[in-house]
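Q:
Numbering (this note's numbering), first residue to last: 29 to 242.
(1) Assuming residue 95 contacts residue 88 under a Cβ cut-off of 8 Å, what Cβ separation, rounded to an integer in Å, is found between them?
(2) Whole angstroms are fine: how far does the CA of residue 103 sit from the CA of residue 122?
(3) How is residue 73 classed by DSSP in three states: helix, strand or coil?
(4) Reducing DSSP to helix, strand and coil, say where residue 142 ends up.
(5) Contact defined as beta carbons within less than 8 Å: I believe residue 222 pairs with residue 228. What is the distance between those atoms, to the nearest angstrom?
(6) In angstroms with no decimal places, state the Cα-to-Cα distance between residue 75 and residue 41.
(7) I believe residue 126 touches residue 116 by the beta-carbon criterion, under 8 Å. Please report the beta-carbon distance rounded to the nearest angstrom.
(8) Shortest alpha-carbon distance to residue 119 belongs to which of 54, 131, 159 and 52?
(9) Quick one: is residue 218 buried, meaning 16 or more other Cβ sit within 10 Å of its Cβ, or exposed?
(10) Going by C-alpha to C-alpha distance, which of 131, 86 and 200 sits closest to residue 112?
(11) For the beta strand (DSSP E) that residue 27 lies in, which residues bound it at each end?
(12) What are the boundary residues of the alpha helix (DSSP H) that includes residue 121?
(13) Using DSSP's beta-bridge definition, name the partner residues of residue 98.
(14) Per the contact definition of three or more C-beta pairs closer than 8 Å, is the stretch 137-152 in contact with the stretch 179-190?
(15) Over what stretch of residues does the alpha helix (DSSP H) that includes residue 82 continue unbroken?
(16) With H, G and I counted as helix, E and B as strand and the rest as coil, what does DSSP make of residue 48?
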């Protein structure tokens with residue numbers, strides 16, 4: 029099973045309408061990122077929704093002919109299994125970790141988002157999650173003003189209590205990334221910090237090199 033370590037880039041066009049999901053994925057891969065998640069939460073994002081996710085996922089998987097990377101799909105357990113992705117990422121309101129494991133098998137990567145407390149993350153670990161995404165660490169437009177901000181202290185706490193890799197997410201940027209790296213996480217997930225950059229390839233490369241400290 030591929031290791032969840034280093035930069036974890038989330039391909040989401042919500043904050044970068046100038047590119048499609050496939051175009052964003054290609055630019056991020058050019059920057060050297062080895063973990064890629066397809067996130068299609070917004071039904072108005074370039075028309076990507078439901079069955080269209082299959083088409084986009086297949087196109088991104090074609091990049092494996094040129095790049096070596098781990099491909100994870102957010103929410104869509106059926107799509108992830110059908111197209112042969114490396115993993116799926118679910119949250120409290122999605123398919124459960126246990127059900128995803130039953131449907132996809134033991135060799136599939138299953139990630140879980142824990143945003144409302146450490147207990148949920150620990151429960152997901154017990155049910156077979158391969159990594160826990162924890163956040164938002166800092167305020168972020170990706171989740172909105174009412175989303176809880178966890179902060180570095182709680183991030184350090186969950187890193188101590190969870191044995192599986194912890195992926196930090198939410199509001200991470202060049203100014204605060206060092207404090208996140210020191211917290212004990214295995215990986216840092218980013219959306220806007222990369223997708224809103226003028227030069228996505230160069231910005232991805234900067235974060236890839238920064239995350240080599242893990």
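Positions of the beta carbon are idealized from the N, C-alpha and C atoms, including for glycine.
A: In terms of the structure at hand:
(1) Actually they do not touch by this definition, with Cβ atoms about 10 Å apart.
(2) Rounded to whole angstroms, the gap between the alpha carbons of residue 122 and residue 103 is 6 Å.
(3) Residue placement at residue 73 cannot be trusted, given a pLDDT of 47 that sits under 50; what the coordinates show is reported in the next sentence. The answer is coil: DSSP assigns residue 73 none of H, G, I, E or B.
(4) If DSSP states are grouped into helix, strand and coil, residue 142 belongs with the strands.
(5) About 6 Å separates the beta carbons of residue 222 and residue 228, which is inside the 8 Å limit, making them a contact pair.
(6) For residue 75, the predicted structure reports a pLDDT of 48, less than 50, and the residue's modelled location is therefore unreliable. The matter cannot be settled from this model.
(7) That pair is no contact at about 13 Å.
(8) Of 54, 131, 159 and 52, the residue nearest in Cα terms is 159.
(9) The residue in question, residue 218, is buried, as its Cβ has 16 or more Cβ neighbours within 10 Å.
(10) The option with the nearest alpha carbon to residue 112 is 86.
(11) The chain is shown only over 29 to 242; residue 27 falls outside these bounds and no answer can be derived.
(12) For residue 121, no alpha helix (DSSP H) run applies, since DSSP gives it neither H nor E.
(13) Partner residues in the beta bridge of residue 98, as assigned by DSSP, are 63.
(14) Yes, the stretch 179-190 is in contact with the stretch 137-152.
(15) Counting along the chain, the alpha helix (DSSP H) containing residue 82 begins and ends at 80-89.
(16) Reduced to three states, the DSSP call for residue 48 is coil.
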